[in-house]
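Let me begin by presenting the structure, written as structure tokens, before commenting on it.
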Amino acid sequence: MGEKTLTRMDLSEAVFREVGLSRNESADLVESVLQHMSDALVRGEQVKISSFGTFSVRSKAARVGRNPKTGEEVPIQPRRVLTFRPSHLMKDRVADGNKS
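What the sequence shown shows, in the working numbering, is residues 144 to 243, in sequence order.
If you want it as structure tokens, here you go:
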């Protein structure tokens, strides 16, 4: 499957074409939006983008894991993980894209 990755450059180029800002201003705008999103997530806030989805940080408790090779029990430290939950509109749009 020939997968393409959407990059920051692609986003800033789209802003340049659609909005009409200069390339530098477009890149700065994209960087600013991503910085605001990541700062909010670091503070433990949710980032909800209508018709797209919700990014949130979840705290996972410490637990005992197992090394699959040796079977040895290994403690896993508590940590925070980033999760994304797509909106129903996004799920439907992706599912419709799979049909074509």
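Backbone N, C-alpha and C fix where the C-beta goes; we use that ideal spot for every residue, glycine too.
In this text the structure is predicted, and so the values were computed from the model without any measurement.
Between the alpha carbons of residue i and residue j, how many angstroms are there, rounded?
| i | j | result |
| --- | --- | --- |
| Asp-171 | Phe-159 | 11 Å |
| Glu-174 | Thr-150 | 12 Å |
| Arg-206 | Val-162 | 49 Å |
| Arg-222 | Lys-191 | 22 Å |
| Ile-219 | Pro-211 | 14 Å |
| Arg-209 | Lys-242 | 40 Å |
According to the Cβ coordinates, are residue i and residue j closer than 8 Å?
| i | j | result |
| --- | --- | --- |
| Ser-230 | Phe-195 | yes |
| Arg-177 | Leu-225 | The amino acid at residue 177 is misidentified as Arg; the sequence shows Leu. Not a contact, by the Cβ cut-off of 8 Å. |
Helix or strand or just coil, what does DSSP make of residue i?
| i | result |
| --- | --- |
| Glu-161 | helix |
| Lys-212 | coil |
Relative to the alpha-carbon of residue i, which residue among the options has its alpha-carbon at the smallest distance?
| i | options | result |
| --- | --- | --- |
| Glu-168 | Asp-235, Ile-192, Ala-183, Met-152 | Met-152 |
| Met-233 | Thr-197, His-179, Ser-181, Ala-157 | Thr-197 |
| Ser-193 | Arg-186, Arg-228, Glu-146, Lys-212 | Arg-228 |
Open item on the list: At 3 residues or longer, what runs of the beta strand (DSSP E) sit wholly inside the region 145–198?
Closed with: 190–192
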